[in-house]
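So the structure is just underneath, and the comments pick up after that.
There are 2 protein chains.
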Amino acid sequence: MKFICAQQELVNRTNIVSKAVPSKTTMSILQYIYIDASQGRIRFIANDMENGIETQVNGSVEEEGYAAIEASLFSSIVRTLPGSDVTVTVDDHYMVSVDCENTHFTLPGRSGDDFTFPPEVEQMSGVEIKQMTLKNFISQTAFSISTNDANKIMTGELMEIDGSTFSLVSLDGHRISLRKCELGGSYPKQKAIIPGRSMTKIRDILSDHAEKSVSIYFTDKHVCFVMEDTLFVSRLIDGEYFDVKQMMSSDYETKVLINRRQFLEGIERAMTLSQEGDKKPIILGITDGEMELKVSSTRGSMNSSVPAEKQGKDILIGFNPKFLTDALRAVEDDELDIYFVNPKAPCFIRNADSTYVYMILPINFKNID
Amino acid sequence: MKFICAQQELVNRTNIVSKAVPSKTTMSILQYIYIDASQGRIRFIANDMENGIETQVNGSVEEEGYAAIEASLFSSIVRTLPGSDVTVTVDDHYMVSVDCENTHFTLPGRSGDDFTFPPEVEQMSGVEIKQMTLKNFISQTAFSISTNDANKIMTGELMEIDGSTFSLVSLDGHRISLRKCELGGSYPKQKAIIPGRSMTKIRDILSDHAEKSVSIYFTDKHVCFVMEDTLFVSRLIDGEYFDVKQMMSSDYETKVLINRRQFLEGIERAMTLSQEGDKKPIILGITDGEMELKVSSTRGSMNSSVPAEKQGKDILIGFNPKFLTDALRAVEDDELDIYFVNPKAPCFIRNADSTYVYMILPINFKNID
Numbered sequence: 023m024k025f026i027c028a029q030q031e032l033v034n035r036t037n038i039v040s041k042a043v044p045s046k047t048t049m050s051i052l053q054y055i056y057i058d059a060s061q062g063r064i065r066f067i068a069n070d071m072e073n074g075i076e077t078q079v080n081g082s083v084e085e086e087g088y089a090a091i092e093a094s095l096f097s098s099i100v101r102t103l104p105g106s107d108v109t110v111t112v113d114d115h116y117m118v119s120v121d122c123e124n125t126h127f128t129l130p131g132r133s134g135d136d137f138t139f140p141p142e143v144e145q146m147s148g149v150e151i152k153q154m155t156l157k158n159f160i161s162q163t164a165f166s167i168s169t170n171d172a173n174k175i176m177t178g179e180l181m182e183i184d185g186s187t188f189s190l191v192s193l194d195g196h197r198i199s200l201r202k203c204e205l206g207g208s209y210p211k212q213k214a215i216i217p218g219r220s221m222t223k224i225r226d227i228l229s230d231h232a233e234k235s236v237s238i239y240f241t242d243k244h245v246c247f248v249m250e251d252t253l254f255v256s257r258l259i260d261g262e263y264f265d266v267k268q269m270m271s272s273d274y275e276t277k278v279l280i281n282r283r284q285f286l287e288g289i290e291r292a293m294t295l296s297q298e299g300d301k302k303p304i305i306l307g308i309t310d311g312e313m314e315l316k317v318s319s320t321r322g323s324m325n326s327s328v329p330a331e332k333q334g335k336d337i338l339i340g341f342n343p344k345f346l347t348d349a350l351r352a353v354e355d356d357e358l359d360i361y362f363v364n365p366k367a368p369c370f371i372r373n374a375d376s377t378y379v380y381m382i383l384p385i386n387f388k389n390i391d
Numbered sequence: 023m024k025f026i027c028a029q030q031e032l033v034n035r036t037n038i039v040s041k042a043v044p045s046k047t048t049m050s051i052l053q054y055i056y057i058d059a060s061q062g063r064i065r066f067i068a069n070d071m072e073n074g075i076e077t078q079v080n081g082s083v084e085e086e087g088y089a090a091i092e093a094s095l096f097s098s099i100v101r102t103l104p105g106s107d108v109t110v111t112v113d114d115h116y117m118v119s120v121d122c123e124n125t126h127f128t129l130p131g132r133s134g135d136d137f138t139f140p141p142e143v144e145q146m147s148g149v150e151i152k153q154m155t156l157k158n159f160i161s162q163t164a165f166s167i168s169t170n171d172a173n174k175i176m177t178g179e180l181m182e183i184d185g186s187t188f189s190l191v192s193l194d195g196h197r198i199s200l201r202k203c204e205l206g207g208s209y210p211k212q213k214a215i216i217p218g219r220s221m222t223k224i225r226d227i228l229s230d231h232a233e234k235s236v237s238i239y240f241t242d243k244h245v246c247f248v249m250e251d252t253l254f255v256s257r258l259i260d261g262e263y264f265d266v267k268q269m270m271s272s273d274y275e276t277k278v279l280i281n282r283r284q285f286l287e288g289i290e291r292a293m294t295l296s297q298e299g300d301k302k303p304i305i306l307g308i309t310d311g312e313m314e315l316k317v318s319s320t321r322g323s324m325n326s327s328v329p330a331e332k333q334g335k336d337i338l339i340g341f342n343p344k345f346l347t348d349a350l351r352a353v354e355d356d357e358l359d360i361y362f363v364n365p366k367a368p369c370f371i372r373n374a375d376s377t378y379v380y381m382i383l384p385i386n387f388k389n390i391d
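The listed protein sequences derive, respectively, from chains A and B.
My numbering puts the first residue of the first sequence at 23, with every later residue one more than the last.
My numbering puts the first residue of the second sequence at 23, with every later residue one more than the last.
Here is the structure:
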């Protein structure tokens with residue numbers, strides 16, 4: 023096998039495919055990139071048994087064939103090469119040569135005959151969405167995916183297609199994050215629970231180019247994201263997701279309009295008083311015209327206030343400050359609405375058409391001055 | 023005690039003085055900043071028993087007094103405050119109030135009566151040097167300070183003043199780094215071994231403003247750096263430093279002129295083949311017109327070549343690649359000279375007037391193709 027391609031292209035493709043190379047595995051072949059240079063094209067494939075990635079490499083095949091090359095070593099080598107054409111050759115004994123200008127590397131490769139390929143997903147009736155939208159939605163919801171394996175379903179995100187509505191939901195038992203948008207067309211109903219790790223990997227691969235789209239294909243066991251040159255497969259998490267709609271109430275007793283930046287900075291200030299492992303709530307006191315922020319810990323106490331437009335009753339309610347900052351950072355609006363019912367019921371940060379909803383459960387607190 | 027100062031000034035001064043706050047200590051008072059607001063000026067003082075820092079804070083004293091405030095908490099609080107005036111008040115019970123716009127913090131302070139002050143160093147006949155020069159010299163030599171406590175002297179740097187010549191030297195048993203410059207005046211002979219940790223702290227405090235100077239004062243036990251608003255004291259390491267001049271030979275059998283960037287990139291490429299803990303030498307083969315770079319490890323092998331102007335004999339010599347890259351990164355010249363004697367003798371990277379000299383011992387190697 024022999025092919026030639028530009029160093030930067032090799033770096034980009036190796037970076038993409040390496041996201042599906044496991045850092046630890048008992049199957050040593052999975053730490054290799056399978057390189058297929060047959061049928062006149064070059065493809066890099068990796069598979070960690072949860073995710074599989076296949077990406078097309080722009081280059082010219084000089085000698086058809088296939089082989090497997092150790093991912094981490096190949097990746098560090100190509101990164102340090104000068105920015106010109108690179109020739110990769112694998113001989114009959116699977117010795118790999120990497121040549122670029124006057125630098126020559128030799129490393130042991132493998133035949134790749136024992137490589138485990140990602141499952142094939144039939145590309146029929148895919149759902150089309152802008153790559154940038156999906157990329158943003160993942161960033162704006164992934165923080166509330168549970169990292170606790172005790173409840174497997176919470177370690178994934180629910181991707182749901184209902185007619186022309188696309189939504190992404192995560193929850194961890196203390197909060198729910200939801201993002202929703204309208205698609206260009208209407209599709210059959212579809213629900214899938216995708217592992218959190220897969221979501222952050224596909225996010226890193228998605229382009230932030232405003233015009234590019236990705237097609238998503240579902241089977242019972244897998245989901246497949248098809249981009250221009252790259253295909254990403256993830257297995258799904260079995261089971262029925264929580265009925266999030268039922269948890270989303272639109273009743274409220276208090277509504278405040280607040281400046282996001284000011285509120286966020288106020289909470290960040292309060293968080294200087296909390297130490298590792300100490301979960302002191304931040305207490306919000308909402309009255310006419312202002313929201314007061316209070317924290318008291320063994321290190322000291324703080325109070326601060328932020329202008330706020332209130333509708334409805336006054337309220338005094340406590341939250342885990344990190345849950346508030348996570349949600350506030352995930353919203354782009356300069357001004358946002360927060361809805362409260364009572365100090366024991368969740369609050370909702372959401373916009374008028376609910377294209378984003380962040381639900382956060384409050385924390386009980388002893389009253390402080 | 024009560025004083026007012028700008029938030030940014032408070033952040034800067036807290037950052038400076040915090041470099042002398044120990045992360046661990048059995049004397050809890052040392053984790054506090056001693057604040058002295060008497061005689062109409064504000065001074066922050068910290069001391070970790072190896073280094074002491076005292077810095078003047080620009081602000082107005084409203085009520086004279088002194089107190090001690092926990093450094094890490096105070097530092098995180100002031101960083102998150104809005105960018106306007108901050109009022110710090112300490113009451114008779116040593117409760118600290120920090121007020122800025124509509125944010126109010128309260129935290130417990132201490133009287134500071136048990137604070138251990140840094141030693142006073144008499145500021146007589148100081149050596150004056152540009153802050154930027156000293157800052158660069160430390161960066162360009164500190165990497166070869168030994169981190170092995172077995173030989174205490176090697177964990178420091180030798181600062182030497184000889185007439186109008188200032189020099190800084192470090193060595194770790196495998197290499198020597200030396201920087202030298204001419205001062206504006208002539209001074210009495212002076213030698214001091216300054217702990218490596220102190221050197222990197224003072225480096226971080228020194229300005230990179232081209233015109234600012236620092237005055238250095240020596241006693242038997244201490245060295246004191248006096249800048250515009252800040253004073254930095256370090257204890258010295260006892261003992262006699264190595265006779266570096268004697269190790270510096272100017273004889274050579276081979277001299278090469280090489281492009282620094284090309285040589286550095288070649289070594290970085292070779293280093294992709296070395297794994298944690300595996301000390302494979304890089305072998306330099308110098309012949310007419312080129313320097314060949316070779317590495318062979320269990321992961322694979324590389325050879326590469328860099329154009330080089332040779333004078334004298336051909337040579338084949340092995341080095342720890344990290345020692346070469348450290349030295350090459352510390353030199354600013356685009357082209358540099360390297361001097362060799364034989365494969366068992368050290369090489370010298372130095373310029374014509376020896377204002378920089380990097381000596382590196384070679385490594386034995388089995389010949390590879």
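No residue lacks a Cβ here, since even glycine has one placed at the ideal position from N, Cα and C.
Roughly how many whole angstroms lie between the Cα atoms of residue i and residue j?
i                  : j                  : result
Thr-109 of chain A : Arg-35 of chain B  : 55 Å
Tyr-56 of chain B  : Val-43 of chain B  : 11 Å
Gly-178 of chain A : Tyr-209 of chain A : 23 Å
Gly-218 of chain A : Gln-284 of chain B : 43 Å
Thr-276 of chain B : Phe-137 of chain A : 51 Å
Met-270 of chain B : Thr-347 of chain B : 20 Å
Asp-391 of chain A : Gln-333 of chain A : In this predicted model, Asp-391 of chain A has a pLDDT of only 46, less than 50, meaning its place in the structure is not dependable; the value taken from the coordinates is given anyway. Whole-angstrom Cα-Cα distance: 24 Å.
Met-71 of chain A  : Pro-141 of chain A : 9 Å
Asp-114 of chain B : Gly-87 of chain B  : 10 Å
Glu-354 of chain A : Lys-202 of chain A : 14 Å
Ile-224 of chain B : Thr-125 of chain A : 41 Å
Lys-243 of chain B : Asn-69 of chain B  : 16 Å
Please list, in chain order, the chain A residues whose beta carbon lies closer than 7 Å to that of residue i.
i                  : result
Pro-303 of chain B : Ordered by position in chain A, no residue passes the 7 Å Cβ test against Pro-303 of chain B, which lies about 17 Å from the chain.
Pro-343 of chain B : Within chain A, no residue comes near Pro-343 of chain B; the closest Cβ sits about 12 Å away, beyond 7 Å.
Leu-129 of chain B : Arg-321 and Gly-322
Using a C-beta to C-beta distance shorter than 7 Å, which residues of chain B count as neighbours of residue i?
i                  : result
Ile-99 of chain A  : Thr-294
Thr-141 of chain A : According to the sequence as given, residue 141 of chain A is Pro; it is not Thr. Going along chain B, no residue has its Cβ under 7 Å from Pro-141 of chain A, so there is no contact; the nearest lies around 31 Å.
Name the two residues that bound the continuous beta strand (DSSP E) containing residue i.
i                  : result
Val-394 of chain A : The shown model of chain A, from 23 to 391, leaves out residue 394 of chain A, and the question about it has no answer.
Asn-281 of chain B : 276-281
Glu-312 of chain A : 312-319
Met-1 of chain B   : Summary: the structure shown does not reach residue 1 of chain B, with chain B confined to residues 23 through 391, and so no result is reported for it.
Thr-111 of chain B : 107-112
Gln-78 of chain A  : 73-79
Gln-269 of chain B : For clarity, residue 269 of chain B is Met in the given sequence; the question names Gln instead. First-last for Met-269 of chain B: 266-269, but that is the alpha helix (DSSP H), not the beta strand (DSSP E).
Ser-235 of chain A : 235-240
Asn-69 of chain A  : 64-69
Gly-307 of chain A : 304-309
Asp-121 of chain B : 117-122
Arg-132 of chain B : Per DSSP, Arg-132 of chain B belongs to no beta strand (DSSP E) and is neither H nor E.
Got a sec, what are the start and stop residues for the alpha helix (DSSP H) residue i sits in?
i                  : result
Glu-357 of chain B : Glu-357 of chain B -> not in any alpha helix (DSSP H); beta strand (DSSP E) instead, spanning 357-362.
Lys-223 of chain B : 218-227
Asn-37 of chain B  : 29-40
Ile-99 of chain B  : 93-102
Kindly list, in the order they appear in chain A, the residues whose Cβ is closer than 8 Å to that of residue i.
i                  : result
His-126 of chain B : Met-324, Asn-325 and Ser-326
Arg-35 of chain B  : Residues of chain A passing the Cβ test: none, with the nearest at roughly 18 Å.
Going along chain A, which residues have a C-beta under 9 Å from residue i?
i                  : result
Glu-290 of chain B : Thr-102
Which chain B residues are close to residue i, counting only those with a beta carbon under 8 Å from its beta carbon?
i                 : result
Leu-95 of chain A : Thr-294, Leu-295, Arg-321 and Gly-322
Are there three or more Cβ pairs, one per stretch, closer than 8 Å when the segment 366-381 of chain B is compared with the segment 186-204 of chain B?
yes
Contact between the segment 260-267 of chain B and the segment 180-197 of chain B (3+ Cβ pairs under 8 Å)
yes
Examine the Cβ distances between the segment 91-101 of chain B and the segment 124-131 of chain B and report whether three or more of them are shorter than 8 Å.
yes
Which runs of the beta strand (DSSP E) fall wholly inside the segment 142-207 of chain B and span at least 3 residues, in chain order?
If we require 3 residues or more, the beta strand (DSSP E) runs fully inside the segment 142-207 of chain B come out as 149-152 and 178-193.
Would you say the segment 143-154 of chain B touches the segment 234-241 of chain B, given that touching needs at least three Cβ pairs under 8 Å?
yes
For the segment 221-237 of chain A and the segment 44-53 of chain A, state whether three or more C-beta atom pairs, one from each stretch, are separated by less than 8 Å.
no
Okay, do the segment 335-351 of chain B and the segment 301-309 of chain B touch, 3+ Cβ pairs below 8 Å being the bar?
Segments in contact, yes.
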